[in-house]
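The next block holds one structure in the form of structure tokens; read it before the comments.
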């Protein structure tokens with residue numbers, strides 16, 4: 001089995017999460033289920049030291065303050081200097097001016113290995129003034145066009161997640177189907193996914209593969225979890241179980257079904 | 001089906017929660033299960049903008065700091081100006097001077113659409129110096145007398161929750177039975193209920209009905225969840241499931257059983 | 001039944017937790033399952049008042065800031081003055097300079113009734129420069145030697161938890177086996193255990209027995225929970241259930257199996 005998931009499980013990378021207060025517990029439990037080791041600290045007094053010793057750093061702006069922006073930039077720069085990959089999750093960009101400004105400032109001062117967000121967040125981050133429609137829509141800008149335009153402007157590998165996920169990096173565009181609508185009924189599933197991408201980035205130099213494998217794995221776990229559950233409380237429990245249960249072998253079998261390349 | 005629950009599910013109101021760190025995750029998942037859309041931000045830098053664009057604002061003082069009091073007042077005033085209803089959950093009022101003072105200050109500076117708390121919290125908030133006893137008690141002040149006296153002093157619609165819930169607004173007093181003692185064994189069930197009231201307030205002008213419907217719905221979900229569970233871990237999961245499973249039709253059938261009017 | 005667990009359930013001690021943001025919800029639900037009453041406040045404005053009125057105080061440095069160190073010391077001193085026992089959980093000591101310094105400062109300024117941590121944390125706190133190995137290891141310092149050396153230096157009752165737990169207090173050393181590896185796959189199980197020790201300390205003057213009983217109870221709950229679960233999401237739910245289900249009678253039957261004395 002050569003799947004990156006198995007490498008994560010062997011190496012148990014330490015993922016430093018500077019994330020919002022709503023999802024801290026779920027993120028930590030999710031990373032344990034994946035096979036990684038979570039750590040959460042946000043104090044300016046220690047984030048530089050923690051970030052440089054971690055395998056990856058996750059910056060999530062869900063519950064942000066001015067002080068946290070500063071701490072994230074300190075941590076990000078420390079990670080950059082040590083060659084530690086940094087993932088940015090621009091939660092709610094566009095909802096307030098403070099949030100949008102903060103995300104752009106982080107992006108300007110820290111070198112980011114991957115941004116994961118939904119179509120609206122990515123559009124706002126890239127200053128694309130458009131009502132984003134579904135990927136199957138006949139509108140003047142579907143999500144694949146958005147991905148291309150956002151990548152052109154941001155020049156950072158993107159994971160744009162939704163009913164269908166899109167990964168874009170340089171010339172490549174990969175679409176990942178699967179997953180399950182119940183993911184949208186459990187808070188923090190997007191946030192955790194960003195942390196999972198961070199974990200996968202620690203085991204390969206191939207950024208596109210890391211992101212695509214992380215998203216594929218997440219989709220399969222969600223599908224499996226939804227097999228016997230229709231309500232969100234039970235689904236959340238089953239999803240954590242499936243993040244632990246799914247292995248590289250299952251991924252290798254299913255990946256041709258859920259991925260399509262341009 | 002005319003039940004307000006169904007209107008919440010259709011309109012998916014955005015509920016801005018400024019709540020304590022213990023219950024953020026549970027509150028977000030609970031609001032998703034109800035059919036509303038949670039957002040959590042607490043920074044002074046953005047709460048005014050977020051609150052005025054939300055459908056309702058929830059202020060919960062469970063883990064409070066001086067800075068958070070200021071932010072809550074900013075958000076509350078912004079919500080007031082925009083006509084966005086504000087619910088106050090005065091967690092632990094009476095436990096410390098700081099907490100009591102903060103709750104009263106918020107109440108003075110922000111126009112509140114509903115206060116939800118237990119009998120002790122409401123008594124402390126209204127400066128009623130009494131040992132509150134159960135609603136069936138023969139003491140000199142039972143919970144219904146407390147409700148009347150507290151309403152007279154506070155002049156804000158009240159939801160006083162306990163083994164039996166009491167809603168009081170102007171001349172009206174409604175009692176809601178049902179629910180389940182396991183609710184007291186899961187942290188945040190009171191806090192989430194305040195957010196659910198906020199969600200119901202967004203779909204009607206009739207404040208009393210909004211509160212009564214929210215409490216009735218919550219009672220039914222708890223009863224259903226307790227049918228097959230006797231322990232708190234499983235009950236919490238089942239309760240989130242039931243918040244999603246219960247619908248307007250079930251509510252219409254059960255409401256005559258669980259509500260009684262003065 | 002004379003088990004301390006039953007006394008906790010009768011007395012429902014109020015445990016004031018100043019703990020990290022990742023585990024607040026799990027800690028509160030766990031304490032309810034045990035039969036105690038959790039309260040969480042961290043603001044300098046109120047922690048002194050809260051701590052002195054609580055039955056026990058828990059200080060956990062998982063997500064620390066300079067301000068939180070100050071607040072913990074204020075609360076700790078207030079608890080000391082009122083005779084309220086204080087438990088310290090030195091999460092991640094050794095990971096950053098800030099964290100190590102903060103833990104030592106708290107230890108210097110506050111009288112601690114018990115420190116609970118894993119072997120690495122305890123070694124770092126006691127300035128023991130050693131790679132700690134498992135308790136069955138043939139290395140030059142196994143966990144029992146570490147316990148003795150750390151106790152000699154710190155002069156505080158210690159609960160060193162791992163595959164086998166060690167409790168050391170003065171001349172006594174007790175080992176507790178049992179438990180389950182799935183505990184390491186759920187975030188906050190160590191943190192909650194520290195709060196459970198705090199709860200047990202409120203019902204007896206015998207510190208060693210309080211710690212040993214708390215650890216034994218936790219081990220049994222974990223074993224029971226793992227009987228039917230192999231994945232972490234379901235295990236977490238089952239573990240909360242078992243914390244509520246295990247009673248003094250079951251503990252009395254099992255304690256001779258899981259405890260061994262030097």
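Residue numbers (the UniProt record's numbering), protein chains in the order written: chain A, 1 to 262; chain U, 1 to 262; chain D, 1 to 262.
The beta carbon of each residue, even a glycine, is placed where N, CA and C say it ideally should be.
Considering only beta carbons, the part of the region 19-39 of chain A lying closer than 9 Å to chain U consists of 20, 21, 22, 23, 24, 25, 26, in chain order. Close to residue 237 (chain A), with beta-carbon spacing below 7 Å, are these residues of chain D in chain order: 233, 234, 237. Between residue 197 (chain U) and residue 159 (chain U), the beta carbon gap of about 6 Å places them in contact (Cβ cut-off 8 Å).
Taking 8 Å as the upper bound for CB-CB distance, residue 106 (chain A) and residue 76 (chain A) are in contact here, some 7 Å apart. Closest in alpha carbon position to residue 120 (chain U), among U:144, U:111, U:110, is U:144. When 7 Å is used as the limit between beta carbons, residue 46 (chain U) is near these residues of chain A: 96, 98, 99, in chain order.
Residues of chain A with a Cβ closer than 8 Å to the Cβ of residue 196 (chain D) do not exist, since the nearest Cβ in that chain sits about 18 Å away. Taking 9 Å as the threshold, the shortest C-beta distance from residue 242 (chain D) to chain U falls below it. In the DSSP annotation of this structure, the continuous segment of the beta strand (DSSP E) that includes residue 117 (chain U) starts and ends at 114-117. Within the region 48-63 of chain U, the residues whose Cβ lies closer than 8 Å to some Cβ of chain A are 49, 50, 53, listed in chain order. Around the beta carbon of residue 206 (chain A), fewer than 16 other beta carbons sit within 10 angstroms, so the residue counts as exposed.
Within 10 angstroms of the beta-carbon of residue 181 (chain U) lie fewer than 16 other beta-carbons, which makes it exposed. Chain U has a Cβ within less than 9 Å of the Cβ of residue 92 (chain A). Boundaries of the alpha helix (DSSP H) around residue 10 (chain D): 4-11.
Taken through DSSP and simplified to helix, strand or coil, residue 199 (chain A) comes out as helix. The Cβ-Cβ distance between residue 187 (chain D) and residue 25 (chain A) falls below 9 Å. The residues 158, 160, 166, 168, 173, in chain order, have a CB closer than 7 Å to that of residue 147 (chain A) in the same chain once the five nearest residues on each side in sequence are set aside. Sequence-ordered contacts of the region 170-188 of chain U with chain D read 184, 185, 186, 187, 188 [C-beta pairs closer than 9 Å].
Rounded to whole angstroms, residue 238 (chain D) and residue 245 (chain A) show a C-alpha spacing of 18 Å.
Taking one beta carbon from each stretch, the region 5-18 of chain D and the region 32-43 of chain U have fewer than 3 pairs nearer than 8 Å; the two do not touch.
Bounds of any beta strand (DSSP E) do not take in residue 80 (chain U); it lies within the alpha helix (DSSP H) bounded by 66-82. The beta carbon of residue 43 (chain D) sits closer than 9 Å to some beta carbon of chain U. Selection D:152, D:91, D:177, D:86 evaluated against residue 48 (chain D) yields D:86 as nearest (Cα-Cα). The DSSP-derived three-state label of residue 234 (chain U) is helix.
Buried is the label assigned to residue 200 (chain U), since at least 16 other Cβ atoms lie within 10 Å of its Cβ. The Cβ neighbour count for residue 113 (chain U), taken over all protein chains shown within 10 Å, is at least 16; the residue is labelled buried. If you ignore the 5 residues before and after residue 212 (chain U), its C-beta comes within less than 6 Å of the C-beta of 167, 174, all in its own chain and listed in chain order. Taken in chain order, the whole alpha helix (DSSP H) runs of length 4 or more contained in the region 8-64 of chain D are 24-34, 47-53. Taking 9 Å as the cut-off, the beta carbon of residue 74 (chain U) is found closer than this to the beta carbon of residue 44 (chain U).
From the beta-carbon of residue 66 (chain A), the residues of chain U found nearer than 7 Å are 45.
Spanning the alpha carbons of residue 5 (chain U) and residue 202 (chain D) requires a straight line of approximately 44 Å.
Approximately 18 Å separates the beta-carbon atoms of residue 110 (chain U) and residue 20 (chain U); this is outside 8 Å, ruling out the contact.
Residue A:126 holds the alpha-carbon nearest to the alpha-carbon of residue 151 (chain A) among A:126, A:130, A:142.
From the listed residues A:39, A:219, A:192, A:99, the smallest Cα separation to residue 257 (chain A) is found for A:219.
Looking at the DSSP output, residue 165 (chain D) bridges to D:176.
For the options U:230, U:55, U:94, U:240, the alpha carbon positioned closest to that of residue 231 (chain A) is the one of U:240.
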